[in-house]
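I have placed the structure first, in the form of structure tokens, so that the comments after it can refer back to it.
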Amino acid sequence: MERMLAIASRVPDHGKLTPWRFVTVAEDQRDALAEVLRKALAEEDPEATDAHFRKEDEFAHYGGTLVVLISAPVENHKIPVWEQQLSCGTVGMNLLMAAHALVYVAGWVTGWRAYSPKVNAAFCNPGERIAGFIFIGQLAPGRELQERERPQLANVWKPWQPPR
Ligand SMILES: Cc1cc2nc3c(=O)[nH]c(=O)nc-3n(C[C@H](O)[C@H](O)[C@H](O)COP(=O)(O)O)c2cc1C
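Quick note on numbering: the sequence shown equals residues 2 to 165 in the working numbering.
Rendered as structure tokens:
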């Protein structure tokens, strides 16, 4: 974990502000995480169904090591918050790359819980946000990673046309 987090920390960071940090959730803290999610869901979504509560309980107990990536921008700084958030995004990508380079698998998940004020309060200081829950583990035997559709380069690449 130390190696992966060290790799993840080596990112573009305009102004050297380190506007992000990691919080790891230990294996024996998963029930406590489930309780935070349960309370947040009950309070913030009065129409939440049993299935939704079950899904959050499953989420809290997903396999692997859980790293919560926190965006911690410095407000009112000459480096815009947008650039600091971009830096945080590169940390997430680097963490995925580090995990896969070390032959683990990793997934970056958000969903309502990343935007819930109650979940936020359980992880963040004022002014911080949850950038993602990153689960790092090993593929269960016999399971393969499912590839998802990827962009066609021609759809995302155009030579610049100067304005006339
Ligand atoms: C900010 C952010 C949030 C994401 N949240 C989710 C999510 O909630 N559920 C999901 O299935 N994928 C989510 N993804 C996408 C995948 O987790 C991500 O593509 C994956 O971890 C990397 O696998 P890939 O190489 O197959 O794309 C998110 C990606 C980002 C950048």
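The beta-carbon is built from N, C-alpha and C at its ideal position, and this holds for glycine as well.
Taking the beta carbon of L97 as the centre, do at least 16 other beta carbons fall within 10 Å, making it buried, or is it exposed?
Residue mapping note: residue 97 aligns to position 96 of the sequence shown, counting from 1. With 16 or more other Cβ atoms within 10 Å, it is buried.
So what does DSSP say about G138, is it helix, strand or coil?
Residue 138 sits at position 137 when you count from the first residue of the sequence shown. Three-state DSSP puts G138 in a strand.
Inter-stretch contact (C-beta, 8 angstroms, three-pair minimum) for the segment 104-124 and the segment 80-88
Not touching, per the Cβ criterion.
Are there 16 or more other CB atoms within 10 angstroms of the CB of M94, so buried, or fewer, so exposed?
Position 93 of the sequence shown, counting from 1, holds the residue named residue 94. Burial call: exposed.
Where the alpha helix (DSSP H) through I8 begins and ends
Within the sequence shown, the letter at position 7 stands for residue 8. Where I8 is concerned, the enclosing alpha helix (DSSP H) starts and stops at 3-9.
Which of helix, strand or coil DSSP assigns to S117:
On the sequence shown, position 116 is the one that residue 117 refers to. The DSSP-derived three-state label of S117 is coil.
Cα-Cα separation between P118 and N156, rounded to whole angstroms
Your numbering for residue 118 matches position 117 in the sequence shown. Your numbering for residue 156 matches position 155 in the sequence shown. Using only the alpha carbons, I get a separation of about 37 angstroms.
Can V68 and F23 be called in contact, C-beta distance under 8 angstroms?
On the sequence shown, residue 68 is found 67 positions in, with the first residue counted as 1. On the sequence shown, residue 23 is found 22 positions in, with the first residue counted as 1. Yes, these two residues count as a Cβ contact at 8 angstroms.
Can you tell me whether P47 is buried or exposed, with buried defined as 16 or more other CB within 10 angstroms of its CB?
Within the sequence shown, residue 47 is the residue found at index 46, counting from 1. Label assigned to P47: exposed.
So, with DSSP's three-state summary, where would you put R133?
Here the question's residue 133 lines up with position 132 in the sequence shown. Here the sequence assigns Gly to residue 133, which means Arg is not the residue at that position. G133 falls in the strand class under three-state DSSP.
Below 8 angstroms on the Cβ atoms is my contact criterion, and I expect A61 with A35 to pass it. Report the Cβ-Cβ distance as a whole number of Å.
On the sequence shown, position 60 is the one that residue 61 refers to. On the sequence shown, position 34 is the one that residue 35 refers to. With a Cβ gap of about 4 angstroms, A61 and A35 count as contacting.
For F23, which residues does DSSP report across the bridge?
Indexing the sequence shown from 1 puts residue 23 at position 22. For F23, which the question treats as bridged, DSSP gives the partners L70.
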